[in-house]
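Q:
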Ligand code: AMP
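In our numbering, the protein residues as written are 411 to 830.
(1) By how many angstroms is the C-alpha of residue 518 removed from the C-alpha of residue 457?
(2) Is it the case that the CB of residue 714 approaches a heavy atom of the ligand AMP more closely than 6 Å?
(3) Any chance the region 735-742 sits against the region 784-792, with 3 or more Cβ pairs inside 8 Å?
(4) When you compare each of 467, 695, 604, 657 to residue 615 by their alpha carbons, which one comes out closest?
(5) Please return the same chain residues whose Cβ sits closer than 6 Å to the Cβ of residue 620, not counting the five positions on each side in sequence.
(6) When you compare only the Cα positions, how much space is there between residue 689 and residue 592?
(7) So, are the CB atoms of residue 581 and residue 636 less than 7 Å apart?
(8) Quick one: what's got a C-beta closer than 7 Å to residue 478's C-beta in the same chain, skipping five residues either side?
(9) Do residue 495 and residue 455 have their beta-carbon atoms positioned less than 7 Å apart in this structure?
(10) If I'm right that residue 611 touches residue 467 with Cβ under 8 Å, what's the distance once you round it to whole angstroms?
(11) Checking the sheet assignment: what are the DSSP bridge partners for residue 817?
(12) In the DSSP assignment, what residue or residues form a beta bridge with residue 807?
(13) I'd like to know whether the C-beta atoms of residue 673 and residue 642 end up nearer to each other than 7 Å.
(14) Report, in whole angstroms, the separation of the C-beta atoms of residue 713 and residue 565, which I expect to be a contact under 8 Å.
(15) I'd like the span of the alpha helix (DSSP H) that includes residue 673, first residue to last.
(16) Taking only the alpha-carbon atoms, compute the straight-line gap between residue 821 and residue 754 and give it to the nearest angstrom.
(17) With 16 as the cutoff for other CB atoms within 10 Å, does residue 528 come out buried or exposed?
(18) If you reduce the DSSP assignment to three classes, tell me which class residue 519 lands in.
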């Protein structure tokens with residue numbers, strides 16, 4: 411029986427893992443420098459959490475959620491996104507009592523049952539930021555700036571920030587009415603899902619991927635024309651601060667985001683090279699979410715991005731990527747006594763913080779040096795009977811081929827050379 415990886419998932423093989431480590435640690439470092447702290451939640455939650463927060467009629471909940479029952483019949487879901495779990499944890503752990511402003515980031519796998527294609531997976535890895543505790547437009551701009559600097563800092567070039575405001579429940583009502591009026595004469599031409607959306611959530615009509623529905627959506631009224639005074643001022647505030655921060659953006663009324671909890675700011679970063687799945691990251695403000703998951707009404711703003719698309723784009727842009735790490739030193743031992751000594755020596759080298767390799771199943775010096783070469787080790791440290799008799803070793807620079815004999819003790823002197 412040959413087992414296969416589930417469709418829409420992938421293995422991160424050792425040859426690629428250093429790239430993942432790089433983009434993950436860069437995100438942790440940058441978020442940390444803005445004062446954000448990591449929060450880690452389970453990969454499964456009560457299914458109701460997502461139904462309540464994302465909206466039961468959203469595609470994510472209706473079609474894409476991995477649901478299961480545990481042995482006691484309770485219904486859970488593999489998390490399709492990270493914001494609702496963070497909000498749940500914030501409320502449950504009373505993080506509002508710790509500080510007025512919670513600055514949080516998370517990293518981890520998300521799960522959506524969708525048709526896999528380039529840049530779209532069923533298990534994918536997201537990074538995200540959540541700022542909870544203020545409605546000030548500065549914080550919308552702050553989270554956007556983290557994302558912007560993160561992506562540019564990694565070496566991406568061809569990026570566009572698209573910005574919109576989806577208003578608040580107050581202006582949403584007027585907008586829904588305008589949408590219904592626009593769509594009513596088109597009802598017969600809409601897909602079955604959209605006919606349901608018409609009653610339930612007319613704004614979802616704008617998101618539909620069916621070509622005929624997409625065509626009708628082009629001329630639909632836009633939310634920006636229905637913002638109330640407060641929402642208009644908020645949107646102008648965000649734009650003003652982004653300009654002060656020298657972050658370029660384009661207003662795109664088509665950015666509506668798929669989930670129910672967005673209010674006011676909605677944004678996406680799109681990359682030119684990514685084709686159909688060109689959204690690199692997206693987010694916005696969700697002032698209603700905390701209350702929906704059982705907390706007080708606390709305003710919040712955040713974003714999430716996917717590492718898979720980020721890596722695809724780094725490759726397409728030929729952005730600098732770290733080289734695969736190579737051993738600082740390859741320890742070669744010839745003969746039984748030297749090998750015994752090597753067991754102590756290799757340990758001491760590693761304790762000193764060096765990346766040191768040793769392969770006792772390679773017997774001859776030739777085979778050991780061949781392996782050192784193929785691993786691109788910088789130095790070979792060679793010990794044999796002769797060297798042990800004089801308490802010395804041979805240190806060979808594998809790039810220049812130059813070699814010299816050195817005393818084995820004190821080892822600190824050799825370590826200093828290897829670290830230089
Ligand atoms: P969303 O949570 O849908 O707003 O998506 C935020 C970001 O997560 C997107 O811009 C993508 O980078 C990434 N993403 C979302 N869904 C997938 C998926 N199925 N496969 C890979 N990346 C995804």
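Using N, Cα and C, we set each Cβ at its ideal position, and we do this for glycine too.
Here the structure is a predicted model, which means the values were calculated and not measured.
A: Judging by the given coordinates:
(1) 18 Å
(2) yes
(3) yes
(4) 604
(5) 601
(6) 28 Å
(7) yes
(8) 486
(9) yes
(10) 5 Å
(11) 802
(12) 789
(13) no
(14) Their Cβ separation, rounded to whole angstroms, is 20 Å, which puts residue 713 and residue 565 out of contact at 8 Å.
(15) It is not in any alpha helix (DSSP H) - residue 673 instead sits in the beta strand (DSSP E) that spans 673-681.
(16) 12 Å
(17) exposed
(18) strand
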